[in-house]
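A.B. asks: In the numbering used here, the protein residues as written are 287 to 617. Glycine included, C-beta positions come from ideal geometry on N, C-alpha and C. Bear in mind that the values here come from a model prediction, so they are computed numbers and not experimental data.
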Ligand SMILES: Nc1ncnc2c1ncn2[C@@H]1O[C@H](COP(=O)(O)OP(=O)(O)OP(=O)(O)O)[C@@H](O)[C@H]1O
Ligand SMILES: [Mg+2]
């Protein structure tokens with residue numbers, strides 16, 4: 287039942303992905319409005335890499351996850367394990383990518399035991415005999431910090447943290463190469479959430495996996511992830527190593543997110559920024575930077591769509607920033 291480690295260089299390739307929803311207007315004669323959420327999003331997750339996606343509510347994080355999981359239509363290209371979902375069978379796809387969501391209670395069938403739920407992926411893919419499947423579930427229960435006796439329990443008998451452990455265990459049963467965790471710790475108490483983060487960090491899933499870790503909490507992303515992308519209204523506005531984002535953030539929106547972290551001390555090299563105005567309120571301008579309406583640095587340069595610019599020195603890991611003002615002297 288062993289899976290070899292991921293044979294891909296990049297487990298996930300998202301290229302120029304955009305998506306649209308249609309808002310039904312009020313009243314029978316109202317026009318349906320086309321609303322864009324993701325706007326030309328590109329990112330790559332490497333093998334064994336934990337990649338964080340951070341941004342405030344409604345910016346499009348779950349929409350991107352849904353596109354990657356093949357749940358919604360989109361424009362652009364998404365390859366998981368080198369293959370496009372639309373050209374891959376669902377069964378092959380679920381072996382490669384699995385997801386863990388915010389609410390473990392609604393992810394688990396209340397009428398099925400934990401053991402049944404965790405065995406389900408193996409049963410569906412006809413992996414191993416019944417006895418081997420039961421044994422594999424027991425091994426996974428130990429790995430997620432529960433014990434074999436939990437196999438006979440029902441979701442309602444478990445705490446929120448234990449239920450989330452079960453969801454993680456179920457997601458790992460097929461030894462996927464990519465796990466998408468969407469706000470997987472947000473509904474939990476801080477200490478229980480921290481235990482779940484440790485579990486992600488330490489679990490021996492039998493094979494290495496990469497993770498797309500979605501959160502609105504930059505602190506959590508910094509703790510867990512190798513690289514982080516910051517999203518604002520469907521744009522990636524900054525992307526780089528966790529260290530670059532946490533300690534050398536350049537985009538005004540990333541700085542706003544950092545300032546929201548309790549006890550966050552701006553790094554010394556940004557000492558000039560202390561006391562800096564972080565947010566203003568002005569009208570949106572169509573076609574301008576999407577952060578224009580809140581940005582304290584906004585000027586005429588921001589009235590056209592800014593591009594992502596790599597400000598890292600040659601040979602170093604990319605540090606992409608979508609801000610013409612902050613990158614002006616850094617290119
Ligand atoms: N089915 C839908 N129809 C219309 N609009 C939608 C639909 N699903 C999402 N949206 C809109 O898309 C935008 C992005 O939503 P999304 O759920 O991806 O945000 P998010 O970053 O995951 O937010 P949160 O942190 O609250 O989970 C929101 O403005 C939301 O209202
Ligand atoms: Mg979401």
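1) At what residues does the beta strand (DSSP E) containing residue 417 begin and finish?
2) Exposed or buried, what is residue 347 when buried is set at 16 or more other beta-carbons lying within 10 Å of its beta-carbon?
3) If you draw a straight line from the alpha carbon of residue 401 to that of residue 387, how long is it in whole angstroms?
4) Could you name the residues that DSSP lists as bridge partners for residue 449?
5) Going by the C-beta, is residue 343 closer than 6 Å to any heavy atom of ligand 1?
6) Report yes if the C-beta distance between residue 611 and residue 579 is below 7 Å; otherwise report no.
7) I need the DSSP call for residue 369, collapsed to helix, strand or coil.
8) How far does the beta strand (DSSP E) with residue 440 in it extend, from its first residue to its last?
9) Verify the contact flag: residue 381, CB atom, against every heavy atom of ligand 2, threshold strictly below 6 Å.
10) Rounded to the nearest angstrom, what separates residue 461 and residue 380 at their Cα positions?
11) Count the other CB atoms within 10 Å of the CB of residue 557; is the residue buried (16 or more) or exposed (fewer)?
12) Any residue with its C-beta under 7 Å from a non-hydrogen atom of ligand 2 counts. Can you list them all in chain order?
13) Is the distance from the Cβ of residue 453 to the Cβ of residue 338 below 7 Å?
14) Verify whether the separation of the beta carbon atoms of residue 504 and residue 300 is less than 7 Å.
15) Less than 6 Å separating the Cβ of residue 502 from some heavy atom of ligand 1?
16) Looking only at its chain, what residues have a beta carbon closer than 8 Å to the beta carbon of residue 372, apart from the 5 residues adjacent to it on each side?
17) Just confirm the distance between the C-beta atoms of residue 331 and residue 496, as a whole number of angstroms; I'd bet it's less than 8 Å.
18) I'd like to confirm something about residue 402: is its beta-carbon nearer than 6 Å to some heavy atom of ligand 1, or not?
19) So, residue 323 versus residue 520, is the Cβ gap smaller than 7 Å?
20) Name the one or two DSSP bridge partners that residue 527 has.
21) So does residue 516 have its beta carbon nearer than 6 Å to some heavy atom of ligand 1?
22) Check for me: the alpha helix (DSSP H) holding residue 354 runs from which residue to which?
23) Please tell me whether, using a cut-off of 6 Å, the distance from the CB of residue 539 to the nearest non-hydrogen atom of ligand 1 is below it.
24) Ligand 1 and residue 323: does the residue's C-beta get closer than 6 Å to at least one heavy atom of that ligand?
25) Look at the Cβ atom of residue 468, then the Cβ atom of residue 514, and state whether they are nearer than 7 Å.
26) Quick one: using the 10 Å Cβ neighbour count with 16 as the cut-off for buried, is residue 410 buried or exposed?
27) Counting along the chain, where does the beta strand (DSSP E) carrying residue 304 start and finish?
28) Measure the CB-CB distance between residue 310 and residue 318 and report whether it falls below 7 Å.
C.D. replies: In this structure, then:
1) Counting along the chain, residue 417 falls outside any beta strand (DSSP E), though it belongs to the alpha helix (DSSP H) covering 416-429.
2) buried
3) 19 Å
4) DSSP, once it has assigned bridges, lists no residue as partnering residue 449.
5) yes
6) no
7) strand
8) Run containing residue 440: none; DSSP gives neither H nor E here.
9) no
10) 10 Å
11) Interpretation of residue 557 is limited by its pLDDT of 49, a score under 50 that renders its predicted location unreliable; the figure taken from the coordinates is listed afterwards. So residue 557 counts as exposed.
12) 347, 348, 468, 469, 500
13) no
14) no
15) yes
16) 356
17) 5 Å
18) no
19) yes
20) 513
21) no
22) 347-354
23) no
24) yes
25) no
26) exposed
27) 296-304
28) yes
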